[in-house]
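Novice:
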Amino acid sequence: MKLVRYGKQGTERPGLIDGEGQLRDLSHVVPDIGAAQLGHDALAQLAKLNADDLPAVSGKPRLGCPIAHIGKCIGIGLNYIDHAEETGLPIPTEPIIFAKAISSLQGPDDDVVLPQDSTKADWEVELGVVIGTRASYVSQDQALDHVAGYVLANDISERAFQLERGGTWDKGKGCDTFGPLGPWLVTRDEVGDPGNLDLWLDVNGQRMQTGNTSKMIFNVTQIVSYVSRFMTLMPGDVIITGTPPGVGMGLKPAQFLKAGDVMTLGAKGLGTQTQRVVAWGRASQT
Ligand code: ZN
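FYI, the numbering for the sequence shown is 65 to 350, going by our numbering.
What follows is the structure, given as structure tokens:
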């Protein structure tokens, strides 16, 4: 299943994308797509629906973040060997964990706003893991049982804030609009092996990132198990699993986002995102 939340920011309604790509309304079936809809039984109920019985939504409404009321979004840093190498940072021997502020999360095609004083805003296409059931100290064998599905993510990062301002990475990861998620939450059964997904990202039509999740240092199973040893993962939580090579800070010379740029990114089976980059104070959400 491909689950979505559609409509204006703050008043999104639940929906699904049927086999023909048609958006259908779910608001008479569930109040939203959030923690209560992501457990095994709740997803099984949704899977039994006949899409033809659901109202088709006309036009092309805005899509929002496909999960409501996310409790936490955890990022994994430097999780592809070739990306770690391009940053010049040491290859991790344990997963690097950082927190992505919930207030940074938004829909897949919403504008990305450069923060005040931003000089090094950068792109990062990633696979996001959506937790379906509470996970605390789970083994690798059990880890995938706690996953509801997957989502495409752009882990936008202000490198000067992240790496030159002291302390942890969080300052450069949590700026408003830095966490587009979506377009869809794709359930685990439909994605298949999360360890073999192609990822790509273009800036202004030029291919910058090409990767495959098979190149991860720590795979989804290892990541879910590992993170659950430090914090309880709750339904609706999201873990973004690191980015392949091709980010702006790895280019020679480095290249960063400027107002007017357009990012387009995608992952096999997870859909695509398009974001326009705008200067501070120039956001126009639709
Ligand atoms: Zn990242």
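Backbone N, C-alpha and C fix where the C-beta goes; we use that ideal spot for every residue, glycine too.
Is the closest heavy atom of the ligand ZN to the C-beta of Ile-134 under 8 Å?
Specialist: no
Novice: Relative to the alpha-carbon of Val-202, which residue among Lys-112, Thr-305 and Thr-285 has its alpha-carbon at the smallest distance?
Specialist: Thr-285
Novice: Please work out which residues of its chain come closer than 8 Å, Cβ to Cβ, to Arg-198, disregarding the five sequence neighbours upstream and downstream, and give them in chain order.
Specialist: His-210, Thr-296, Leu-297, Met-298 and Pro-299
Novice: In whole angstroms, give me the CA-to-CA distance for Ile-81 and Leu-334.
Specialist: Going by the C-alpha atoms only, they are around 12 Å apart.
Novice: Apart from the five residues on each side of it in sequence, which residues of its chain come closer than 7 Å, Cβ to Cβ, to Cys-129?
Specialist: The beta carbon of Cys-129 is closer than 7 Å to those of Arg-69, Leu-169, Gln-170, Gly-171, Leu-245 and Gly-246 in its chain, skipping five residues each way along the sequence.
Novice: Taking its Cβ as the centre, do 16 or more other Cβ atoms sit within 10 Å of Ala-111, making it buried, or is it exposed?
Specialist: exposed
Novice: Note the first and the last residue of the continuous beta strand (DSSP E) segment covering Phe-320.
Specialist: Where Phe-320 is concerned, there is no enclosing beta strand (DSSP E), given that its DSSP letter is neither H nor E.
Novice: Do Glu-254 and the ligand MG come close, with the Cβ less than 8 Å from some heavy atom?
Specialist: With respect to small molecules bound, the structure shown includes the ligand ZN and not the ligand MG.
Novice: Using beta-carbon positions only, say whether Gly-213 and Phe-225 come within less than 9 Å of one another.
Specialist: Taking C-beta atoms as the reference points, Gly-213 and Phe-225 fail to come closer than 9 Å.
Novice: Taking 6 Å as the limit between beta carbons, can you name the residues of its chain near Thr-75, skipping five residues before and five after?
Specialist: If we look at Thr-75 and ignore the five residues flanking it on each side, it has no Cβ neighbours.
Novice: For Gln-206, which residues from the same chain have a beta carbon less than 7 Å from its beta carbon, with the 5 sequence-adjacent residues on both sides left out?
Specialist: none
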